[in-house]
Amino acid sequence: DETALVEQFEQVLARHDRIEPRDWMPEKYRATLVRQIAQHAHSEIIGMQPEGNWITRAPSLRRKAILLAKVQDEAGHGLYLYSACETLGVSRQELTEKLVSGQQKYSSIFNYPTLSYADVGTIGWLVDGAAIANQVPLCRTSYGPYGRSMIRICKEESFHQRQGYELLMTMMRGSDAQRAMVQESVDRFWWPALMMFGPPDDDSPNTAQSMAWGIKRDTNDELRQKFVDMSVPQAERLGVTLPDPDLVWNAERGHHDFGQPDWEEFRAVVTGAGPCNAQRIAHRRRAHEDGAWVRDAATAFAARSSAEPVE
Ligand code: 3HC
Numbered sequence: 012d013e014t015a016l017v018e019q020f021e022q023v024l025a026r027h028d029r030i031e032p033r034d035w036m037p038e039k040y041r042a043t044l045v046r047q048i049a050q051h052a053h054s055e056i057i058g059m060q061p062e063g064n065w066i067t068r069a070p071s072l073r074r075k076a077i078l079l080a081k082v083q084d085e086a087g088h089g090l091y092l093y094s095a096c097e098t099l100g101v102s103r104q105e106l107t108e109k110l111v112s113g114q115q116k117y118s119s120i121f122n123y124p125t126l127s128y129a130d131v132g133t134i135g136w137l138v139d140g141a142a143i144a145n146q147v148p149l150c151r152t153s154y155g156p157y158g159r160s161m162i163r164i165c166k167e168e169s170f171h172q173r174q175g176y177e178l179l180m181t182m183m184r185g186s187d188a189q190r191a192m193v194q195e196s197v198d199r200f201w202w203p204a205l206m207m208f209g210p211p212d213d214d215s216p217n218t219a220q221s222m223a224w225g226i227k228r229d230t231n232d233e234l235r236q237k238f239v240d241m242s243v244p245q246a247e248r249l250g251v252t253l254p255d256p257d258l259v260w261n262a263e264r265g266h267h268d269f270g271q272p273d274w275e276e277f278r279a280v281v282t283g284a285g286p287c288n289a290q291r292i293a294h295r296r297r298a299h300e301d302g303a304w305v306r307d308a309a310t311a312f313a314a315r316s317s318a319e320p321v322e
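Taking UniProt numbering, I'd label the letters of the sequence shown as residues 12 to 322.
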């Protein structure tokens, strides 16, 4: 009966074990996972656009090859995550339709434009760095397929972060113009990167429940703090300043104190009024429509081959 099922579910969570697709789970647990994993998958796919903008303009064949590999990885991350989401009884067709119709979200960070080539490095360093800070704990998330997809994604994400940091380090050892380009890019991406971790905990309707279910292992503010503490020494080694006058080491806390992102801007971007929201969704919709013939051909082929008698 349901009481025994709830008990079993809670015992699995209590011993930090995994809930698997065939296990009983509360409907709200399933719905929260579909929402978060779908949003995560959409973020990977939409995230291909800002960087893809620089593939044809990369300054060397080496940089172009690295960027191509990274953008392809993001597509793969999206596929792992859509597959993990499908184990919860939703189809990627349905999820794509919810994305292009605005019923499901993707990470706010990808609604900002990539205005200079230094952005390719800054996205690798800060955006993929923030993604790693958020995704490493998700390797231990209570839902099996989601946690296992994170293990491989985190390995590839580390390559993304290192290549971005190396790109910026190379530019910082270049000309004054290159150094200025890196600083301008960091100034534009620092605050949006902090917003990736979500609203402050006391303004986060989902965090408490997601922590209780072991979907999240850390809160939004805990991960944001970890990311700031990790980024400050990296910025110093790079020779860039971070655009936050309140950023200072607090020996008592053993962490950096820092200013608050502009949460009005965050809300605007999350609700569709960011600089690139319309462009990102239009691009995704067009790509989905342009790919319809491939899906139709694959479906027709599958139908014909299953109808044909096996020799
Ligand atoms: N962008 C867009 N929406 C966001 C957001 C962000 N950065 N942060 C929060 N939100 C939304 C939430 O979805 C929620 O809205 P909803 O209930 O309608 O879905 C609302 O704002 C309140 O936020 P909560 O903190 O209550 O929501 P969550 O508990 O879902 O926490 C989260 C938000 C921390 C982003 C969590 O969903 C999460 O950890 N998701 C998985 C990680 C992820 O999506 N990362 C994407 C980063 S980009 C990436 O990985 C690509 C890489 O290759 C760079």
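Cβ coordinates follow ideal geometry from the N, Cα and C atoms, glycine included.
If you look at V243, you'll find it in the alpha helix (DSSP H) that goes 231-249. Counting C-beta atoms within 10 angstroms of its own C-beta, L16 has fewer than 16 neighbours from the protein chains shown and is therefore classed as exposed. V193 places its beta carbon 9 Å or farther from that of L253. Rounded to the nearest angstrom, the gap between the Cα atoms of L92 and E85 is 11 Å. Burial state of S221 is buried, judged by a 10 Å Cβ sphere holding 16 or more other Cβ atoms. For I120, the closest alpha carbon among the candidates L72, W201, E105, I162 is that of W201. Here DSSP, grouped into helix, strand and coil, assigns Y40 to helix.
Looking at the backbone, the Cα of P286 and that of Q22 are separated by about 46 Å. The shortest CA-to-CA distance from R74 to any of S118, D240, F277, E177 is the one to E177.
A distance below 9 Å separates the beta carbons of F238 and G140. When beta bridges are read from the DSSP output, W260 appears opposite H267.
Classified as exposed, T14 has fewer than 16 neighbouring CB atoms from the shown chains inside 10 Å of its CB. Annotated as distal: D255 and N261, with beta-carbon spacing of 9 Å or more.
Every alpha helix (DSSP H) stretch that sits fully inside the segment 111-176 and reaches 4 residues is listed by chain position as 129-133, 139-149. In this structure, the beta-carbon distance from S118 to I57 falls below 9 Å. At a Cβ-Cβ threshold of 9 Å, P156 and E38 do not count as neighbours. In this structure, I134 and C150 do not form a Cβ contact; the two beta carbons are roughly 22 Å apart against a cut-off of 8 Å. Distance check between S102 and each of T181, Q189, R46, P211 places R46 closest, using alpha-carbon atoms only.
Going by beta carbons, E195 and A129 fall inside the 9 Å limit.
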